[in-house]
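Just below is one structure, and these are the notes that go with it.
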Amino acid sequence: MLPNRTKRIRSTKRQILVVDDEEINRQLLGFMLESDYQILYAENGKEALQLITENQDSLSLILLDLMMPVMDGYEVLQTIQKDRNLRRIPVIVLTSEKSAEVKSLQMGAADFIPKPYDMPEVIRARVHRSIELAEDSSLIHATEDDPLTGLAHKDFFLEYCHQRDQFDTSPMDALVLNVNRFHLANEIHGRAFGDKILLVIAGQIAALLNQTGGLACRSGADSFYLYLPHRDDYNDLLCQFSEALEKETGTGAISLRMGVYPYVDRALDMEQRFDRANLACAPLRTQHISQVSVYDMKTHEKEVYAEKLLEDIDTALSDGQFQVYYQPKYDIRQDKPKLCSAEALVRWFHPVYGMISPGFFIPLFEENGLIHKLDLFVWNATAAQLRIWKEEYRTCVPISVNVSRIDLLTPGFEENLLSIVRNNALQPEDLLLEITESAYTEHIDQILETIHRLRNHGFRIEMDDFGSGYSSLNVLSSFPVDALKLDMKFVRTIDTNEKAYGMLKIMMSIAAFLEVPVIAEGVETEKQLSLLRDARCDIVQGYYFSKPVPADSFTTLLGASGRKEKTS
Ligand code: C2E
Ligand code: CA
Ligand code: CA
Numbered sequence: 322m323l324p325n326r327t328k329r330i331r332s333t334k335r336q337i338l339v340v341d342d343e344e345i346n347r348q349l350l351g352f353m354l355e356s357d358y359q360i361l362y363a364e365n366g367k368e369a370l371q372l373i374t375e376n377q378d379s380l381s382l383i384l385l386d387l388m389m390p391v392m393d394g395y396e397v398l399q400t401i402q403k404d405r406n407l408r409r410i411p412v413i414v415l416t417s418e419k420s421a422e423v424k425s426l427q428m429g430a431a432d433f434i435p436k437p438y439d440m441p442e443v444i445r446a447r448v449h450r451s452i453e454l455a456e457d458s459s460l461i462h463a464t465e466d467d468p469l470t471g472l473a474h475k476d477f478f479l480e481y482c483h484q485r486d487q488f489d490t491s492p493m494d495a496l497v498l499n500v501n502r503f504h505l506a507n508e509i510h511g512r513a514f515g516d517k518i519l520l521v522i523a524g525q526i527a528a529l530l531n532q533t534g535g536l537a538c539r540s541g542a543d544s545f546y547l548y549l550p551h552r553d554d555y556n557d558l559l560c561q562f563s564e565a566l567e568k569e570t571g572t573g574a575i576s577l578r579m580g581v582y583p584y585v586d587r588a589l590d591m592e593q594r595f596d597r598a599n600l601a602c603a604p605l606r607t608q609h610i611s612q613v614s615v616y617d618m619k620t621h622e623k624e625v626y627a628e629k630l631l632e633d634i635d636t637a638l639s640d641g642q643f644q645v646y647y648q649p650k651y652d653i654r655q656d657k658p659k660l661c662s663a664e665a666l667v668r669w670f671h672p673v674y675g676m677i678s679p680g681f682f683i684p685l686f687e688e689n690g691l692i693h694k695l696d697l698f699v700w701n702a703t704a705a706q707l708r709i710w711k712e713e714y715r716t717c718v719p720i721s722v723n724v725s726r727i728d729l730l731t732p733g734f735e736e737n738l739l740s741i742v743r744n745n746a747l748q749p750e751d752l753l754l755e756i757t758e759s760a761y762t763e764h765i766d767q768i769l770e771t772i773h774r775l776r777n778h779g780f781r782i783e784m785d786d787f788g789s790g791y792s793s794l795n796v797l798s799s800f801p802v803d804a805l806k807l808d809m810k811f812v813r814t815i816d817t818n819e820k821a822y823g824m825l826k827i828m829m830s831i832a833a834f835l836e837v838p839v840i841a842e843g844v845e846t847e848k849q850l851s852l853l854r855d856a857r858c859d860i861v862q863g864y865y866f867s868k869p870v871p872a873d874s875f876t877t878l879l880g881a882s883g884r885k886e887k888t889s
């Protein structure tokens with residue numbers, strides 16, 4: 322629906338101008354209309370034009386005779402039509418011939434009243450209607466168009482698109498066009514420059530609509546919506562827009578981003594169609610070059626799924642949908658591999674989606690700042706389990722937990738870890754901390770300090786995913802770590818690719834130089850195991866020995882390895 326058009330409310334009567342050279346006619350009209358309107362009178366065109374100019378802001382209507390001395394009605398009408406401001410005042414011509422009626426309507430008159438004036442009600446009704454129509458249309462124009470670009474406002478635009486769909490069923494595309502870092506352009510070069518950018522884009526859009534049909538609006542400060550007959554050349558189109566922008570603003574530094582939802586699904590609301598174009602467009606926000614991104618159903622479904630998971634985390638935590646699994650690590654420095662530790666890995670048993678891989682939800686929670694909540698749960702659960710193993714059986718191996726970069730920067734992180742250890746009657750060395758290599762790339766000083774303090778408390782640190790490409794050797798030399806955990810990618814191909822095995826040996830020598838043990842994960846085959854042994858790798862973890870298993874299965878593994886001795 323269109324927004325409500327509120328009528329202008331006035332306490333005083335509307336002002337109208339009666340122009341006629343014959344006094345009897347002026348009196349007649351005055352007599353019919355004076356109870357409803359405040360009336361000005363003119364005897365000829367010249368006088369009329371003067372009054373019109375003087376009262377242009379207050380005049381609601383002009384009743385104009387055509388045949389007059391000095392200046393006739395046609396000339397008055399013509400002058401009014403040429404003037405942007407005067408054109409909004411409706412003119413009803415007073416005629417005595419049929420031919421004049423047509424001519425004056427063609428010249429822009431709103432209506433005509435035939436002479437002689439015989440039916441006062443009809444005259445009053447026509448005056449009333451013309452005023453109302455003019456006021457409505459000026460209100461619409463005031464709100465319908467964006468004053469800067471002249472393009473429609475969003476609400477009207479969506480309605481027009483909807484109306485267009487009613488009579489044209491050919492395939493349509495929904496587009497969003499944005500200016501990258503528009504606020505910065507505004508700040509650096511001033512508002513006038515910002516306006517110029519928008520005007521150039523609006524000009525390009527208007528030209529495009531002229532050629533291809535379709536509709537457009539300004540949908541936000543630096544954003545435009547376009548509803549266009551389907552086409553495939555959006556890259557060319559964006560190039561064309563960018564070139565015009567560069568030419569008109571004198572700089573190539575302004576880039577645009579375009580999100581396209583092609584072949585819109587007409588079962589969706591108009592707004593949802595543009596939401597999809599927006600979804601496609603959003604990732605381009607930080608780009609420095611102009612780019613087009615097309616909406617893709619799979620990406621969308623993934624986003625919707627991710628959004629649902631984010632919503633579900635609290636319920637999942639309170640309903641016990643998360644479970645910690647343990648994957649053993651074996652020391653291979655002696656002939657018989659010996660269980661020496663385990664890694665705690667979280668699993669999500671979702672009531673609707675089933676078991677969800679942490680490979681999917683961990684990065685999601687990291688991005689959205691929720692990982693700390695989940696990790697607190699995992700550390701608590703692991704510590705509580707460790708306590709059981711330690712209390713029920715005299716001994717247990719230390720268990721490593723994963724620590725995200727976000728955790729390291731979360732206030733209270735160390736205190737939380739320490740109280741978890743204390744509350745479960747553990748020692749810091751019972752919990753190994755796996756910190757992924759990528760954690761060491763940003764906020765280096767803060768993270769370095771935290772790691773130092775953790776080690777002073779007695780925690781041991783394993784650098785996870787070592788070699789995955791983030792840390793430089795330089796960083797390594799200044800980071801205190803107690804073990805390097807090789808990225809799985811290195812291990813995966815050592816049995817088939819000589820170069821990979823060579824790389825692995827280089828990693829091993831770095832670790833030897835740093836005097837820290839090396840853990841290889843993702844070990845799946847006997848061949849991989851023997852190559853790792855030959856390369857003097859210390860500890861291995863992988864499906865070859867065991868997948869991550871629930872706590873009770875791990876209890877069995879502990880027993881089999883002789884690490885479990887039931888206290889009697
Ligand atoms: P990660 O820390 O590198 O953990 C190792 C991943 O490799 C685990 O996947 C494990 O199940 C898998 N894996 C172990 N052995 C093998 C093998 O022989 N072959 C293959 N193909 N895979 C093996 P998972 O459990 O799916 O975890 C994926 C990632 O999710 C983890 O990678 C870790 O970064 C993260 N993650 C898991 N649990 C937690 C948690 O509690 N907190 C945090 N912050 N991250 C976690
Ligand atoms: Ca890990
Ligand atoms: Ca890893």
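Counting in this note's numbering, the sequence shown runs from 322 upward without gaps. For each residue, glycine too, the CB sits at the ideal point set by N, CA and C.
- Residue pairing of His474 in beta bridges, as defined by DSSP: Arg539.
- Pairwise C-beta distances place the region 843-855 out of contact with the region 630-646, as fewer than three of them are shorter than 8 Å.
- The beta carbon of Leu754 lies closer than 6 Å to those of Val724, Phe780, Ile782 in the same chain, with the five residues before and after it left out.
- The closest heavy atom of ligand 1 lies 7 Å or more from the beta carbon of Val521.
- Gln767 sits close to Leu730, with the two beta carbons spaced by under 8 Å.
- For Ile683 and Met676, the gap between their C-alpha atoms comes out near 14 Å.
- Going by DSSP, Arg578 is part of the beta strand (DSSP E) stretching over 577-582.
- Selection Leu520, Leu600, Asp404, Val448 evaluated against Ala495 yields Leu600 as nearest (Cα-Cα).
- DSSP, reduced to helix, strand and coil, places Lys436 outside both helices and strands of the structure shown, so it counts as coil.
- Around the beta carbon of Leu454, fewer than 16 other beta carbons lie within 10 angstroms, which makes this residue exposed.
- Ligand 3 has a heavy atom closer than 7 Å to the beta-carbon of Asp785.
- The closest heavy atom of ligand 1 lies less than 7 Å from the beta carbon of Asn723.
- In the structure shown, Met493 falls within a strand segment according to DSSP collapsed to helix, strand and coil.
- As the crow flies, the alpha-carbon of Glu480 is around 35 Å from that of Val443.
- Ligand 3 never approaches Met676 closely enough for any of its heavy atoms to be under 7 Å from the residue's Cβ.
- Between Met784 and Ile765, the gap from beta carbon to beta carbon reaches 8 Å or more.
- The region 641-675 contains, as complete beta strand (DSSP E) runs of 3+ residues, the segments 643-652, 659-671 (chain order).
- DSSP assignment within the region 765-790 yields the following whole beta strand (DSSP E) runs of 3 residues or more, N-terminal first: 781-787.
- According to the DSSP assignment, Asn723 belongs to the beta strand (DSSP E) that extends over 720-724.
- For Glu480, the distance from the CB to the nearest heavy atom of ligand 2 is not below 7 Å.
- Two segments are said to touch when three or more pairs of C-beta atoms, one from each, lie closer than 8 Å; by this definition the region 514-532 touches the region 564-574.
- Residues Leu660, Trp710, Tyr714, Cys717, Val718, Lys885 of the same chain have their beta carbon placed closer than 8 Å to that of Leu879, with the five preceding and five following residues left out of the count.
- Looking at the backbone, the Cα of Ser611 and that of Leu559 are separated by about 7 Å.
- With contacts defined by Cβ atoms closer than 8 Å, Leu695 and Phe686 form a contacting pair.
- Sixteen is the threshold: since fewer than 16 other Cβ atoms of the shown chains lie within 10 Å of the Cβ of Lys629, the residue is exposed.
- The three-state reading of DSSP puts Phe866 in coil, since its state is none of H, G, I, E or B.
- Assignment of beta-bridge partners to Pro468 by DSSP yields no partner.
- The residue from Arg450, Leu547, Arg512 with its alpha-carbon nearest to that of Ala528 is Leu547.
- The beta carbon of Met828 sits no closer than 7 Å to any heavy atom of ligand 1.
- Between Tyr616 and Tyr582 the beta-carbon gap is near 4 Å, inside 8 Å, which marks them as a contact.
- Within the model, the alpha-carbon separation for Phe875 versus Ser882 is close to 10 Å.
- A contact is defined here as three or more CB-CB pairs under 8 Å, and the region 369-377 fails this definition with respect to the region 346-358.
- For Asp855, there is no enclosing beta strand (DSSP E); the enclosing alpha helix (DSSP H) has its first and last residue at 847-855.
- Every unbroken stretch of the alpha helix (DSSP H) spanning 4 or more residues and falling wholly within the region 544-596 is given here in chain order: 555-570.
- Pairing Ala421 with Leu387 gives a Cβ-Cβ distance under 8 Å.
- Sixteen is the threshold: since fewer than 16 other Cβ atoms of the shown chains lie within 10 Å of the Cβ of Gln427, the residue is exposed.
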